[in-house]
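Q: Below you'll find the structure I mean.
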Amino acid sequence: MKPQEIEDLSFKIIGEEAGDHGFSDAEWPIARRVIHTSADFEYVESLRFHPEAIERGIAAIRGGKPIFTDTNMALSGIRKMEVGSFGGSVTCLVADPEVAATAKAGGITRARAAVDAVADRLDGAIYAVGNAPTALLRLLELVREGRIKPALIVGFPVGFVNAAESKAELLETPGVPYITNVGRKGGSNVAAAAVNALAIMASAEGVQKR
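For what it's worth, this note's numbering labels the leading residue of the sequence shown as 71, then goes sequentially.
So, in structure tokens, the structure goes:
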């Protein structure tokens, strides 16, 4: 089978097994791609969408706004052709030497230091968190302080320490659209899948690209 045929068949199977999933027509392509990436139908119940998330995310991509992420795995997984066709970029700074030095000097994680390193570029941007709760918690702290106003936070930190708690905090933080889930599951592949679904939707809008 050709790659597109495999994906189409996978999406068909997901649709059949998900049944009456309850997602809106706009939400379902994102949820379906997350399930496709993870092979985990628990996301049918655990995914959460802010009412403005999809509109704001698509507008950011179509507007050429930057996308930042907390892992090189997510960076590798995000579809740069679609993002770049609108003039946008995808960046991860966790391996940046200056970020590493700042993190070491301050006794903080590189993921948190990477957020601070791009704070002045986050207004209207998308930040995709696929691993580190410390990155998500720092983003929310900056939002509450009024220092940043991202278009969208894609929040899928994974693990046993503060992953579920940071996502719960995201759900309760006013003023920032989000795509996230409830619980410990997540990951860079899931965060990238959500961003990719938005990028595909943005490209399908037929908007004049840069």
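Idealized CB from N, CA, C, for every residue including glycine.
Please state whether the Cβ-Cβ distance between E168 and A187 is less than 9 Å.
A: Yes. Within cutoff.
Q: Contact defined as beta carbons within less than 8 Å: I believe A198 pairs with T139. What is the distance between those atoms, to the nearest angstrom?
A: The pair is a contact, with the Cβ atoms about 4 Å apart (cut-off 8 Å).
Q: What residues in its chain sit with their C-beta under 6 Å from that of R103, if we drop five residues either side in the sequence?
A: Excluding sequence neighbours, R103 sits near A263 and A267.
Q: Out of S94, N232 and A269, which has the shortest C-alpha to C-alpha gap to I196?
A: Checked all of S94, N232 and A269; the closest Cα to I196 is A269.
Q: Does DSSP put V265 in a helix, a strand or coil?
A: Here V265 sits in helix by DSSP.
Q: For the beta strand (DSSP E) containing N251, name the first residue and the last one.
A: That run of the beta strand (DSSP E) goes Y248 to N251.
Q: Using a threshold of 9 Å, state whether the C-beta atoms of G127 and V224 are closer than that.
A: Taking 9 Å as the Cβ cut-off, G127 and V224 qualify as a contacting pair.
Q: Answer with buried or exposed for F230, where buried requires no fewer than 16 other C-beta atoms within 10 angstroms of its C-beta.
A: F230 should be labelled exposed.
Q: If you check the beta carbons only, do K255 and S116 fall under 9 Å apart?
A: Yes, Cβ-Cβ distance for K255 and S116 is below 9 Å.
Q: Can you tell me whether L117 is helix, strand or coil according to DSSP?
A: DSSP places L117 in strand when its eight states are reduced to three.
Q: Out of E125, E87 and K150, point me to the one whose CA is closest to P136's CA.
A: The option with the nearest alpha carbon to P136 is K150.
Q: Taking C-beta to C-beta, are F156 and I178 nearer than 9 Å?
A: No, the pair does not count as a contact, with Cβ atoms beyond the cut-off.
Q: When DSSP labels each residue in this structure, what does A198 get in the three-state scheme?
A: Of the three classes helix, strand and coil, the one that applies to A198 here is strand, per DSSP.
Q: Let me make sure I understand the geometry here. Which of R182, L163 and F93 has the alpha-carbon closest to that of M143?
A: Closest by alpha carbon: L163.
Q: Return the bridge partner residues of F156 from the DSSP annotation.
A: Partner(s): none; F156 has no beta bridge.
Q: Short of 8 Å in beta carbon distance, which residues of its chain neighbour A238, apart from the five on each side in sequence? Order them along the chain.
A: Once the five neighbours on either side are set aside, the close Cβ partners of A238 are V252.
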